[in-house]
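Q: Sharing a structure below in structure tokens format, with a few things to ask.
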Amino acid sequence: MHTEKKSHRSRMDPIVALVLIFAVLKVTGLISWSWLWVFSPIWITLLFFAAIFFSILVGGRIVKGKW
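Each residue of the sequence shown is one higher than the one before, counting from 1 in full-length UniProt numbering.
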């Protein structure tokens, strides 16, 4: 009987890494951006996926003839 052991490698998401880099640069004073722009990779990603979701939703309703 072979027991398979899964290895869990910690991997950081590129969006999170970018936010951490921007936050460190902001705190150390190397950039003078607003905090809105420091966290922009997160909200831009959320807006991107929301736009895809709603375009699929609207497209599906148009195909089914609901609109």
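Ideal Cβ placement from N, Cα and C applies to all residues, glycine included.
#1: Could you check the C-alpha separation between L36 and L18 for me, to the nearest Å?
#2: Just confirm the distance between the C-beta atoms of V16 and K26, as a whole number of angstroms; I'd bet it's less than 8 Å.
#3: According to DSSP, is L30 helix, strand or coil?
A: According to the structure data:
#1: Walking along the sequence shown from the start, residue 36 turns up at place 36. Walking along the sequence shown from the start, residue 18 turns up at place 18. Using only the alpha carbons, I get a separation of about 14 Å.
#2: Here residue 16 corresponds to residue number 16 of the sequence shown, with the count starting at 1. Here residue 26 corresponds to residue number 26 of the sequence shown, with the count starting at 1. V16 to K26, Cβ: 15 Å. No contact.
#3: As a position in the sequence shown, residue 30 is number 30, starting the count at 1. Coil.
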